[in-house]
Amino acid sequence: MYIGSNLKALRKKVGKSQEELASELGMTRSSYSGYENAVALPGVEQLVLLSNYFKVPIDVLIKQDLSNISERELDEVLAGGQVDMSGKKLRVLTSVVNQDNEEVIEMVPLKASAGYTNGYADPDYLKVLPSLYLPFLSKNKKYRSFPIQGDSMPPVVEGSQVVAEFVQNWMSIRSGTPCIVVTKEEGIVFKIVNNFLMENQTVQLCSTNTFYPPFVVKATDILEIWKFVNYISPELPDVKLDENTLTQSIQALQKEVYDLKMKLPN
Numbered sequence: 001m002y003i004g005s006n007l008k009a010l011r012k013k014v015g016k017s018q019e020e021l022a023s024e025l026g027m028t029r030s031s032y033s034g035y036e037n038a039v040a041l042p043g044v045e046q047l048v049l050l051s052n053y054f055k056v057p058i059d060v061l062i063k064q065d066l067s068n069i070s071e072r073e074l075d076e077v078l079a080g081g082q083v084d085m086s087g088k089k090l091r092v093l094t095s096v097v098n099q100d101n102e103e104v105i106e107m108v109p110l111k112a113s114a115g116y117t118n119g120y121a122d123p124d125y126l127k128v129l130p131s132l133y134l135p136f137l138s139k140n141k142k143y144r145s146f147p148i149q150g151d152s153m154p155p156v157v158e159g160s161q162v163v164a165e166f167v168q169n170w171m172s173i174r175s176g177t178p179c180i181v182v183t184k185e186e187g188i189v190f191k192i193v194n195n196f197l198m199e200n201q202t203v204q205l206c207s208t209n210t211f212y213p214p215f216v217v218k219a220t221d222i223l224e225i226w227k228f229v230n231y232i233s234p235e236l237p238d239v240k241l242d243e244n245t246l247t248q249s250i251q252a253l254q255k256e257v258y259d260l261k262m263k264l265p266n
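Using our numbering, you'd call the opening residue of the sequence shown number 1 and step up by one each time.
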């Protein structure tokens with residue numbers, strides 16, 4: 001729990017001393033100091049009081065570390081603008097439908113990808129994008145296709161298009177899941193996501209090409225997350241088999257040939 005460090009960060013942000021804040025809350029300074037220094041835990045009534053005073057939800061006070069976020073992000077928290085990582089508030093997703101009123105898979109081409117962070121919610125931007133139709137995908141989920149640049153995520157090569165499913169609840173993403181992450185700073189990135197949103201409101205983004213080091217993105221910098229479904233590649237992946245795997249493959253192929261011969265008439 002982060003209640004102590006959070007109270008300290010919030011108190012300093014509003015420019016109050018422990019004594020001033022305790023007085024305004026109707027507490028003794030020693031009681032409040034105990035909460036802030038983590039030598040005592042506030043009860044339910046005190047938590048409600050603190051939550052109302054700072055206008056910060058109780059679960060944020062307890063579970064999210066506010067001491068390591070920027071001043072701007074802390075301003076957003078105090079203004080009631082904390083990141084909705086669980087998707088409890090509906091994320092407004094603009095999409096395009098065809099003449100049968102069915103959602104299409106918008107395909108973001110490379111030339112349009114640079115403007116995606118500004119146009120992702122703009123109907124005028126989305127309706128001019130090309131679209132895909134993949135009948136084997138669920139009609140109950142929302143998909144979009146994104147361009148891949150660079151060599152950081154083999155076997156997905158540059159020039160491929162990754163088809164991904166829109167994620168409403170970021171907290172549901174399991175660590176190790178490949179995702180398209182749309183960020184304010186980096187734009188569209190395709191990475192393996194390690195989820196640390198509960199611990200410190202961040203995700204770690206890793207490449208399958210180990211030449212590229214992992215990096216961390218704060219939840220406040222994330223615009224959208226899309227979970228990998230499949231990809232369309234202009235190249236056949238280069239499959240390298242070790243000796244044992246190659247032997248097993250040859251043995252399996254030999255067995256299939258033998259089975260076919262047995263079924264042929266003499």
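Positions of the beta carbon are idealized from the N, C-alpha and C atoms, including for glycine.
This one's a predicted model, so the numbers in the text were calculated from it and none came from an experiment.
Looking from the CA of C179, the closest CA among P213, S31 and F228 belongs to F228.
M107 is positioned such that its CB atom lies closer than 8 angstroms to that of L132.
By the C-beta criterion, the region 169 to 188 is judged not to be in contact with the region 46 to 62, since fewer than 3 inter-stretch pairs fall below 8 angstroms.
Under the three-state reduction of DSSP, K184 is assigned to coil, being neither helix nor strand. The three-state reading of DSSP puts K218 in strand, counting E and B together. Boundaries of the beta strand (DSSP E) around F146: Y143 to P147. For the set P234, I62, P237 and L205, the Cα lying nearest the Cα of I225 is the one of L205. In this model, E103 and N140 are separated by some 10 angstroms (Cα to Cα). F166: member of the beta strand (DSSP E) spanning Q161 to F166, first to last residue.
Secondary structure of E102 (DSSP, three-state): coil. Excluding sequence positions up to five before and after R29, its CB lies within less than 6 angstroms of the CB of Q18, E19 and A22, all in the same chain and listed in chain order. For T28, the secondary structure class from DSSP, reduced to helix, strand or coil, is coil.
DSSP, reduced to helix, strand and coil, places Y2 outside both helices and strands of the structure shown, so it counts as coil. In the three-state reduction of the DSSP assignment, Q64 falls in the coil class, being assigned neither a helical nor a strand state. Of the residues T220, V157 and L260, the one whose Cα lies closest to the Cα of P237 is V157. Per DSSP, V157 lies in no beta strand (DSSP E) and is assigned neither H nor E. Note on geometry: alpha-carbon atoms of S207 and I148 lie some 13 angstroms from one another. Ranking N200, I105 and I69 by CA distance to the CA of V128 puts I105 first.
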